[in-house]
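A.B. asks:
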Amino acid sequence: MLIKTQHHSSEWYCRFVTVVTEMPEVLGFWRMAGEYDYLMRVQVADMKRYDDFYKRLVNSVPGLSDVTSSFAMEQIKYTTSLPIE
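Here is the structure:
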């Protein structure tokens, strides 16, 4: 999930971080440089739960100007190991 916001104050940021880190569906959360301000890795069971999550997010945090999502159709490879020798 990629997010753009109109707000960048410390107060807004603290509220946003508090809301997002308390959402169990969020597995990863990053502040970004570039076109989007934040990247979230979210996992839900189905589209109904995604819609519920989306509504909770946008209703909990004012000022989200763009929330864009992409969905994985198939996991082909996933690893957390680094090829360090």
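Going by my numbering, the first residue of the sequence shown is number 953, and it counts up by one from there.
Yeah, the Cβ is synthetic: ideal placement off N, Cα and C, and Gly gets one too.
This structure is a prediction, so every number in the text was calculated from the model and none was measured.
#1: Could you check which residue in 986, 989, 972, 999 has the C-alpha nearest to that of residue 1025?
#2: Let's see if you can read the secondary structure: which residues bound the beta strand (DSSP E) around residue 991?
#3: Taking all protein chains shown into account, do 16 or more other C-beta atoms lie within 10 angstroms of the C-beta of residue 992, making it buried, or fewer, making it exposed?
#4: Check residue 1012 in the structure and name its three-state DSSP category.
#5: Could you tell me the distance, in whole angstroms, from the CA atom of residue 1004 to the CA atom of residue 1036?
C.D. replies: The relevant details are as follows:
#1: For the residues 986, 989, 972, 999, the minimum Cα distance to residue 1025 belongs to 999.
#2: Unbroken beta strand (DSSP E) run through residue 991: 990-994.
#3: Residue 992 counts as buried, since no fewer than 16 other beta carbons sit within 10 angstroms of its beta carbon.
#4: Under the three-state reduction of DSSP output, residue 1012 falls in the helix class.
#5: CA-CA distance, residue 1004 to residue 1036, rounds to 41 Å.
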